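Asker: Provided herewith is a single structure, encoded as structure tokens, for subsequent inquiry.
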Amino acid sequence: MEKTRPLWATPLQFVFACISYAVGLGNVWRFPYLCQMYGGGSFLVPYVIMLVVEGMPLLYLELAVGQRMRQGSIGAWRTVSPYLSGVGVASVVVSFFLCTYYNVINAWAFWYLFHSFQDPLPWSVCPLNGNRTGYVEECEKASSTQYFWYRQTLNISPSIQESGAVQWEPALCLVLAWLVVYLCILRGTESTGKVVYFTALLPYCVLIIYLVRGLTLHGATNGLAYMFTPKPGVPIWGSPTLSPLALPPNRSPQMEQLANPKAWINAATQIFFSLGLGFGSLIAFASYNEPSNNCQKHAIIVSIINSSTSIFASIVTFSIYGFKATFNYESCLNKAILLLTNSFDLEDGFLTANNLEQVKDYLASAYPSKYSKVFPQIKNCSLESELETAVQGTGLAFIVYTEAIKNMEVSQLWSVLYFFMLLLLGIGSMLGNTAAILTPLTDSKVISSYLPKEAISGLVCLANCAIGMLFTMEAGSYWFDIFNDYAATLSLLLIVLVETVAVCYLYGLSRFESDLKAMTGRALNWYWKAMWGGVSPLLIISLFIFYLSDYIITGTLQYQAWDAAQGQLVTKDYPPHALAVIGLLVASSIMCIPLVALGTLITRRLRRGDPAPVA
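So, in structure tokens, the structure goes:
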């Protein structure tokens, strides 16, 4: 296998493949949200610490295993021990779930990209109603960006029980997204190695362009100040929307956030999932390396670049976030000024943002009856409340960003650049996601003897695309959230925990150290041994316990459903069939580990006189 196994053309291709896989949508729409929730700049302290004690060690472990065993996840863990084949199978199952729904994001990005060439942008204004006497009521109650997302893109149903029909426009975009992915992975490392140069580098070019533009926008400094200024008030346990905690006299906002366990848990979680640990993609990529490749150096490089990109993307996001918040705040003030000027026949220019509160107090005391009639129409304008509106995921990408873009000059250009960047990030991650499935399949002598690599890739893409049509139905967004929240959380934590314990205590840390020294000529220092042998496994166990207890404490699982009559999201309980699917998603991957081990044990016991070796 080692003689015939394809290799990366250069070590740089491997590094770019890992960067393209690790640097994804989570860097753009998850990390800025965590900064906003957990104290701005003070969140970087637990984030960097978790990078050192969790991110880099576990990334190096997976790269080293892939490079040493030179097989996909199933074959690599079978080589470590026949009883660990289930770890690789679990990784493939989780990656299959991920591919099924992740490429839907690329389909949505294609949809928005195609609409970005219209003037004006279709989400910049509400459409007229059927009588053409006003705007659509749902859009007026929500906003033009929310209406375009929930109604014109998703055509979302009121609940998950009402599945509705497949929406043909998103369905065609999904087919296109899978066609692009198939063309990128068609010839394995030969084609993927060329594509990663674009998917790894071009997003940075777009981010730099957006940074320059963002810093020149009116109000950008408000967003950056909000990001880097530590803020108290996030509860130690529970929802950030609860009443703020009072700081003791000798406690600073920075210390308050550093004492918040949820800040550390979310920092560890972000590092874990951002690097793509446990999916088998990193093992697959590393299996195409030369045995002498310095994977330790590459693990450090990829980890640092991934985390630096998150911080860099947050600066871009908060500069644009500041522009959006300032624009909305000033629009609110202008509406109040116009309303009071017209209602009380004030001189034009007399009422300004600076004297608005004083004039309001005067009018309330001088004309109480008249002011009481006008008062309900006056909104409370606050820049702080605009900045505190925390959004993540698709809400940030397809609602908040589009709201900011529509108010920029030459908005079509910025919209095209933004969704082009999302596509590159999404496709780059999909290259790794599909590699986690395809590498074990092409490594299999049984499968590869009957089907060429191109056919295997085509069948995997076709199967994922067919299942992915579920997410293009009217209730598809709700099922997308289920897959996104439950398909790969507990499963990945357990997979990586078993991987770490298997290498250190089953295969043997000293034996693995000897293998690495024989491969690369470099000895393993104390830092990697300490992290692999104790710190990282304990951290994963802590995360696993937290998520498990969080699910138990939460009770009935709920989701956010779109209420067209109110023009906003409402909370509903998941129905029994949705809860059953959630249970299957979690169990189908986790149970692979003990079931395959049990099957291997039974098989070996049936073979008389065949001992069951540990490795």
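Here this note's numbering is used: the first residue of the sequence shown is -15, the next is one more, and so on.
C-beta: ideal position from N, C-alpha, C; glycine also.
If you're wondering where the values come from, they're calculated on a predicted model, not measured in any experiment.
1) From the DSSP secondary-structure annotation, give me the bridge partner or partners of K556.
2) Of the residues G177, F80, L401, N90, which one's Cα is nearest the Cα of L158?
3) Work out the CA separation of F15 and L35 for me, nearest whole Å.
4) Flag this pair as touching only if the segment 51 to 65 and the segment 289 to 299 have three or more C-beta atom pairs under 8 angstroms; answer yes or no.
5) Can you list, in chain order, the residues of its chain whose CB lies under 7 angstroms from that of V165, leaving out five sequence neighbours each side?
6) CB-CB under 8 angstroms to T225, same chain, minus the five flanking residues each way: which ones, in chain order?
7) Per DSSP, what kind of secondary structure is G112 in: helix, strand or coil?
8) Could you have a look at Y351 and say whether DSSP puts it in helix, strand or coil?
9) In the DSSP assignment, find the alpha helix (DSSP H) that holds D469 and state where it starts and stops.
10) Return yes when the Cβ of M211 is within less than 8 angstroms of the Cβ of G25, no when it is not.
11) Look up V150 in the DSSP assignment and give the residues it is bridged to.
12) Rounding to the nearest angstrom, what Cα-Cα distance links Y31 and T253 in this structure?
13) Which runs of the alpha helix (DSSP H), 4 residues or longer, sit entirely within the segment 150 to 208?
14) Thinking just about the alpha-carbon of each residue, which of Y402, G539, F263, A549 is nearest to the one in L563?
15) What residue from E372, I288, T426, V(-1) has the CA that sits closest to K308's CA?
16) Alpha helix (DSSP H) containing S79: first to last residue?
17) Mind checking who Y119 pairs with in its DSSP beta bridge?
18) By Cβ distance, which residues of its chain are closer than 6 angstroms to N391, with the 5 residues on each side in sequence left out?
19) Pairing CB atoms from the segment 99 to 118 with CB atoms from the segment 386 to 400, are three or more of them under 8 angstroms?
20) Of all the options A549, L409, T423, which has the alpha carbon lying nearest to the alpha carbon of G72?
21) Along the chain, where does the alpha helix (DSSP H) containing S533 start, and where does it finish?
22) For P232, is the classification buried or exposed, using 16 other Cβ atoms within 10 angstroms of its Cβ as the cut-off for buried?
23) Pick out whichever of R197, A549, N139, V37 has its Cα sitting closest to the Cα of A126.
24) How many whole angstroms separate the CB atoms of L406 and T183, which I take to be in contact at a CB cut-off of 8 angstroms?
25) So what does DSSP say about P436, is it helix, strand or coil?
26) With a CB to CB cut of under 8 angstroms and the five nearest residues on each side skipped, what residues in its chain are close to L527?
27) Where does V218 land, buried or exposed, given buried means 16+ other C-beta within 10 angstroms?
28) Measuring alpha carbon to alpha carbon, tell me which of I3, Q20, L(-4), V580 ends up nearest I299.
29) Can a CB atom of chain B be found closer than 8 angstroms to the CB of L401?
30) In whole angstroms, what separates the C-alpha of L163 from that of F94?
31) Under the three-state reduction of DSSP, which class applies to L138: helix, strand or coil?
32) Can you tell me whether F359 is buried or exposed, with buried defined as 16 or more other CB within 10 angstroms of its CB?
33) Hey, V519 and V37 are a contact pair by Cβ (cut 8 angstroms); roughly how many whole angstroms apart?
34) Give a yes or no on whether the C-beta atoms belonging to L259 and A6 are separated by under 8 angstroms.
35) Since I believe S265 is in contact with A420 (beta carbons under 8 angstroms), could you give me their beta-carbon distance rounded to a whole number of angstroms?
36) Check whether the segment 188 to 195 touches the segment 488 to 506, counting contact only when three or more Cβ pairs, one atom from each stretch, lie closer than 8 angstroms.
Answerer: Let me spell this out:
1) Reading the sequence shown from its first residue, position 572 is the one you call residue 556. Note: K556 sits in a beta bridge opposite Y543.
2) What you label residue 158 is simply residue 174 of the sequence shown in a count that begins at 1. Of G177, F80, L401, N90, the residue nearest in Cα terms is N90.
3) Taking the sequence shown and counting its residues from 1, the one referred to as residue 35 is at position 51. Taking the sequence shown and counting its residues from 1, the one referred to as residue 15 is at position 31. It is roughly 13 angstroms from the alpha-carbon of L35 to the alpha-carbon of F15.
4) The segment 51 to 65, when compared against the segment 289 to 299, does not touch it at the 8 angstroms Cβ threshold.
5) Looking up residue 165 in the sequence shown gives position 181. Excluding sequence neighbours, V165 sits near N87, I411, M414, T418, C445.
6) As a first step, residue 225 is located in the sequence shown; it is residue number 241 there, counting from the start. Model confidence at T225 stands at a pLDDT of 31, short of 50, so the residue's coordinates are unreliable; what they give is reported in the following sentence. Once the five neighbours on either side are set aside, T225 has no close Cβ partner at all.
7) As a first step, residue 112 must be located in the sequence shown, where it is residue number 128. Checking the displayed sequence, the identity of residue 112 turns out to be Leu instead of Gly. Of the three classes helix, strand and coil, the one that applies to L112 here is strand, per DSSP.
8) The residue given as residue 351 occupies position 367 in the sequence shown. It is coil, neither helix nor strand.
9) What you label residue 469 is simply residue 485 of the sequence shown in a count that begins at 1. That run of the alpha helix (DSSP H) goes 460 to 470.
10) Reading the sequence shown from its first residue, position 41 is the one you call residue 25. Reading the sequence shown from its first residue, position 227 is the one you call residue 211. For G25 and M211, yes; Cβs fall inside 8 angstroms.
11) Along the sequence shown, one-based indexing puts residue 150 at 166. V150 is bridged to M457.
12) Translated into positions along the sequence shown, residue 31 becomes position 47. Translated into positions along the sequence shown, residue 253 becomes position 269. Distance between the alpha carbons of Y31 and T253: 10 angstroms.
13) 152 to 169, 173 to 199
14) Sequence index remark: in the sequence shown, residue 563 carries index 579 (1-based). Looking at the Cα atoms, G539 is the closest of the given residues.
15) Taking the sequence shown and counting its residues from 1, one reaches residue 308 at position 324. If we check each option's Cα against that of K308, E372 comes out closest.
16) Taking the first residue of the sequence shown as 1, we reach residue 79 at position 95. Unbroken alpha helix (DSSP H) run through S79: 69 to 99.
17) The sequence position of residue 119 within the sequence shown is 135, counting from 1. Answer by DSSP bridge pairing, in chain order: L112.
18) The count along the sequence shown starts at 1 and reaches residue 391 at position 407. Excluding sequence neighbours, N391 sits near F311.
19) yes
20) For this step, residue 72 is matched to residue 88 along the sequence shown. For G72, the nearest C-alpha among the options comes from T423.
21) Numbered from 1 along the sequence shown, position 549 holds the residue referred to as residue 533. Residues 520 to 538.
22) Here residue 232 refers to the residue found at position 248 when the sequence shown is read from its first residue. The predicted position of P232 is uncertain, since its pLDDT is 37 and thus under 50; no value can be drawn from it.
23) Reading the sequence shown from its first residue, position 142 is the one you call residue 126. Answer by Cα proximity: A549.
24) By one-based count along the sequence shown, residue 406 stands at place 422. By one-based count along the sequence shown, residue 183 stands at place 199. In fact, because the Cβ distance is near 12 angstroms, the residues do not count as touching under 8 angstroms.
25) The residue given as residue 436 occupies position 452 in the sequence shown. In the structure shown, P436 sits in coil (DSSP, three-state: anything other than H, G, I, E or B).
26) Within the sequence shown, residue 527 is the residue found at index 543, counting from 1. Cβ within range, chain order: I249, A252, T253, F256, L477.
27) As a position in the sequence shown, residue 218 is number 234, starting the count at 1. The predicted position of V218 is uncertain, since its pLDDT is 40 and thus under 50; a value taken from the coordinates is nonetheless stated next. Result: buried.
28) Looking up residue 299 in the sequence shown gives position 315. Of the residues I3, Q20, L(-4), V580, the one whose Cα lies closest to the Cα of I299 is Q20.
29) Among the protein chains of the structure shown there is no chain B, as only one such chain exists.
30) The residue you call residue 163 lines up with position 179 of the sequence shown. The residue you call residue 94 lines up with position 110 of the sequence shown. Roughly 12 angstroms separates the two Cα atoms.
31) If you number the sequence shown from 1, residue 138 lands on position 154. DSSP places L138 outside both helix and strand once states are collapsed to three, so it counts as coil.
32) The residue labelled residue 359 in the question sits at position 375 within the sequence shown. Counting C-beta atoms within 10 angstroms of its own C-beta, F359 has fewer than 16 neighbours from the protein chains shown and is therefore classed as exposed.
33) Against the sequence shown, residue 519 aligns to sequence position 535. Against the sequence shown, residue 37 aligns to sequence position 53. Contact flag correct, Cβ pair sits at about 5 angstroms.
34) For this step, residue 259 is matched to residue 275 along the sequence shown. For this step, residue 6 is matched to residue 22 along the sequence shown. The criterion of a C-beta distance shorter than 8 angstroms is satisfied by L259 and A6.
35) Against the sequence shown, residue 420 aligns to sequence position 436. Against the sequence shown, residue 265 aligns to sequence position 281. So it is a contact: roughly 4 angstroms between Cβ atoms.
36) By the criterion of at least three beta-carbon pairs nearer than 8 angstroms, the segment 188 to 195 is not in contact with the segment 488 to 506.
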